[in-house]
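Data block below; observations after.
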Amino acid sequence: MRKIVCAGATFCTGDDIAAALLEYAVALARAGSSATANFPARTPSGMIARLDVVFGPASQVVSEPIELLGPEIVDQGAVAGLKELTERLVPRTATA
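Written as structure tokens, this is what we have:
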């Protein structure tokens, strides 16, 4: 599980989701663009909810490991969607 701090907000989400969020935030910054990301996270009350967070060129995002009670948050659809958005911003180059 990872704790993410962004624009004064703190939330916890799964490792794979956090990694995909950071990659997307970096791609947006490099493109000089901003967008909203939607993903599941644990609320302060312990419930799982979907968050909408805006990331942009000036976003400062911190991710750190955290031990929480409860299962890891896993959402392969959210991870795949974030990776797809990232790839649109940073197209893969052909290899020989």
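For reference, each letter of the sequence shown is one residue, going 0 to 95 in numbering that gives the first Met the number 0. The beta-carbon is built from N, C-alpha and C at its ideal position, and this holds for glycine as well. Here the structure is a predicted model, which is why all the values come from computation and not from measurement.
Reference residue i; option with closest CA among the options
i          : options        : result
residue 75 : 41, 53, 16, 63 : 16
residue 6  : 13, 26, 43, 62 : 62
residue 67 : 80, 36, 52, 40 : 40
residue 38 : 64, 88, 79, 69 : 79
C-alpha gap between residue i and residue j, whole angstroms
i          : j          : result
residue 30 : residue 72 : 29 Å
residue 58 : residue 32 : 11 Å
residue 27 : residue 86 : 11 Å
residue 90 : residue 34 : 17 Å
Cross-strand partners of residue i (DSSP beta bridge)
i          : result
residue 64 : 1
residue 9  : 4
Please go through the stretch 16-45 and give each complete beta strand (DSSP E) segment of 3 or more residues, from N-terminal end onward.
-> 34-41
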